[in-house]
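The structure appears below as C-alpha cells.
There are 2 protein chains.
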Amino acid sequence: MVGPCFISFFLFLNLLPFFQTLEASHCSINGLPLVRNIAELPQDNYGRGGLSHITVAGSLLHGLKEVEVWLQTFAPGSRTPIHRHSCEEVFVVLKGSGTLYLASSSHKSPGKPEEHFIFSNSTFHIPVNDVHQVWNTNEHEDLQVLVIISRPPIKVFIYEDWSMPHTAAKLKFPYYWDEQCFQESQHDEL
Amino acid sequence: MVGPCFISFFLFLNLLPFFQTLEASHCSINGLPLVRNIAELPQDNYGRGGLSHITVAGSLLHGLKEVEVWLQTFAPGSRTPIHRHSCEEVFVVLKGSGTLYLASSSHKSPGKPEEHFIFSNSTFHIPVNDVHQVWNTNEHEDLQVLVIISRPPIKVFIYEDWSMPHTAAKLKFPYYWDEQCFQESQHDEL
C-alpha cells in the first residue's frame with residue numbers, strides 16, 4: 027500500500043539479453059501487439075559508438091503523432107552531439123550519472139554551456155531550442171535514460187562546437203533511428 | 027559497453043522513503059532546480075485510495091506545453107476510472123503487473139472492453155479517445171507505471187461503467203493533481 031505522504035519505491039527493470047537483427051519489417055506497425063515487451067524491441071547504436079537506442083513508442087514505428095519515448099544507454103565517455111530541436115524533451119535518468127551541458131538560444135551562438143550534474147532517479151527537461159549535450163562523464167557505469175519528445179519525428183540541428191553560430195548548425199533529418207523507417211514510409215507512398 | 031545486437035540492462039531505481047507535505051508553493055516553478063530528484067517531488071493520492079501520483083515533469087508545475095510525465099503506483103486492487111481523453115498517452119510499466127481494459131470510441135458506448143495483460147518492462151499506448159482503464163489485478167504487488175501524455179494539462183471524460191454512452195461521460199477538468207495549481211495559476215492572472 028502507498029500512504030498519502032510516504033513513499034517507498036523499488037523498481038527493478040531487467041532487460042534480459044537478447045539478440046535481434048534489424049529487419050525492414052520492424053518499420054511496420056502491422057501485426058505489432060498493443061502491449062510490447064521492451065526487452066524484445068529492436069535496439070541498435072546506429073553507427074554511434076557507445077550508444078544503445080530503443081524506440082519504446084514511436085512516430086514512424088507505432089503511429090504516434092504527438093509524443094515519442096526512447097530508452098537510451100550511453101557507455102562511459104559516450105555522449106550526444108551538441109544539438110538543439112524545437113520540440114520539448116524530458117529526461118528520466120534510470121541508471122548511472124553524467125553531465126548535462128545546456129546553453130541558451132538567445133545569442134548568436136551557444137557559448138559556454140551551463141553544467142548540470144545528472145544522476146539516477148533525477149529528471150530534467152530541455153527548454154525548446156536550447157542547445158544541449160548529454161555526456162556520460164562517469165567512467166565506471168553506463169548512463170541509462172528514458173527520453174520523451176513532443177512532435178515526432180525529431181528534427182535535430184547539430185553543432186560542431188559551442189562557438190558555432192546557430193545559423194551554421196546542420197539539420198539532421200530524419201534522425202539516425204528514424205532514417206530506415208522514414209525511407210520505407212516514403213516508398214510506401216509511391 | 028553495449029554491443030550492437032546485444033543488450034543487457036539492469037535498472038535499479040529506488041525512491042527512498044520521504045515525507046513531504048503539499049504546500050501551495052509547489053505550484054510555482056520559481057526556484058525549482060533544472061535537475062530534480064524524483065524522490066523529492068511532491069506525491070499524493072489526491073483522495074483516491076491506493077494511488078500514489080508524482081508529476082515528474084508537468085505543464086502547470088514546470089511550464090511544459092506539449093508533454094507531461096507522471097510516476098504512478100497502484101496498490102493491489104486499485105485502478106483508474108473508466109475514462110477517455112483526446113491526447114496521446116504512453117505507458118511504461120516499471121514494476122508489477124495488471125490489466126489494461128480498452129474499448130474503441132467508434133460506437134455509441136464503449137461496450138465490453140478488450141483485456142490486455144500488462145507486465146514489468148512492457149509498454150503500450152492508448153489510441154486517442156479510446157476508453158480505457160488500468161487496473162492492478164495482481165493481489166501481491168504494487169503496479170508502478172511511468173505515464174506520458176501529450177497536450178497537457180489533461181482533460182478527462184469519466185464513465186460510470188462500460189455501457190455508458192460517450193455523450194454521458196463527465197468531464198473532469200482540471201484533473202486531480204492539477205486542481206490546486208490550476209486554481210493558483212488562475213489567481214495569478216487576476
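Going down the list, the sequences are from chains A and B.
Numbering-wise, the numbering used here comes out as the position in the first sequence, counting from 1, plus 26.
Numbering-wise, the numbering used here comes out as the position in the second sequence, counting from 1, plus 26.
Virtual Cβ for every residue (Gly too), placed ideally from N, Cα, C.
Just so you know, these numbers come straight off a predicted model, no measurement behind them.
| request: Work out the CA separation of valine 171 of chain B and tryptophan 96 of chain B for me, nearest whole Å. | output: 8 Å
| query | If we call anything under 9 Å between Cβ atoms a contact, is glutamate 114 of chain A one with glutamate 92 of chain B? | reply | yes
| said: Determine, for leucine 60 of chain A, whether the minimum Cβ-Cβ distance to residues of chain B falls below 9 Å. | reply: yes
| For the putative contact between serine 135 of chain A and proline 59 of chain A, defined by C-beta atoms under 8 Å, what is the C-beta separation to the nearest angstrom? | Rounded, the Cβ-Cβ distance is 47 Å, inconsistent with contact.
| message | Nearest by alpha-carbon distance to phenylalanine 150 of chain B: which of B:Glu210, B:Ile175 and B:Gln209 is it? | response | B:Ile175
| task | In angstroms with no decimal places, state the Cα-to-Cα distance between histidine 79 of chain B and tyrosine 201 of chain B. | result | 12 Å
| query | Measuring CA to CA, which of A:Val116, A:Gln209, A:Ser146 and A:Ile55 is closest to histidine 158 of chain A? | reply | A:Val116
| request: Whole angstroms is fine: what's the gap from lysine 198 of chain B's alpha carbon to histidine 142 of chain B's? | output: 26 Å
| query | beta strand (DSSP E) containing histidine 111 of chain A: first to last residue? | reply | Neither: histidine 111 of chain A is in no beta strand (DSSP E) and is coded neither H nor E.
| How about asparagine 155 of chain B and serine 123 of chain B: are their beta carbons less than 9 Å apart? | no
| said: Please report the straight-line C-alpha distance between isoleucine 144 of chain B and leucine 120 of chain B, rounded to a whole angstrom. | reply: 10 Å
| Are any of the Cβ atoms in chain B nearer than 9 Å to that of threonine 149 of chain A? | yes
| request: Pull up the distance between the alpha-carbon of leucine 285 of chain A and that of serine 189 of chain A, whole angstroms please. | output: Residue 285 of chain A is absent from the model: chain A starts at 27 and stops at 216.
| task | Would you verify that the beta carbon of alanine 65 of chain B is, or is not, closer than 9 Å to some beta carbon of chain A? | result | yes
| Closer than 9 Å to chain A by CB, cysteine 113 of chain B | yes
| query | Is it true that the CB of lysine 196 of chain B sits closer than 9 Å to the CB of histidine 111 of chain B? | reply | no
| request: Give every residue of the same chain whose Cβ lies closer than 6 Å to the Cβ of glutamate 165 of chain B, excluding the five residues on either side of it in the sequence, and list them in chain order. | output: Pro102
| query | Any C-beta of chain B sitting closer than 9 Å to the C-beta of arginine 177 of chain A? | reply | yes
| field | Residue-level contact to chain A via CB, isoleucine 174 of chain B, 9 Å cutoff | value | yes
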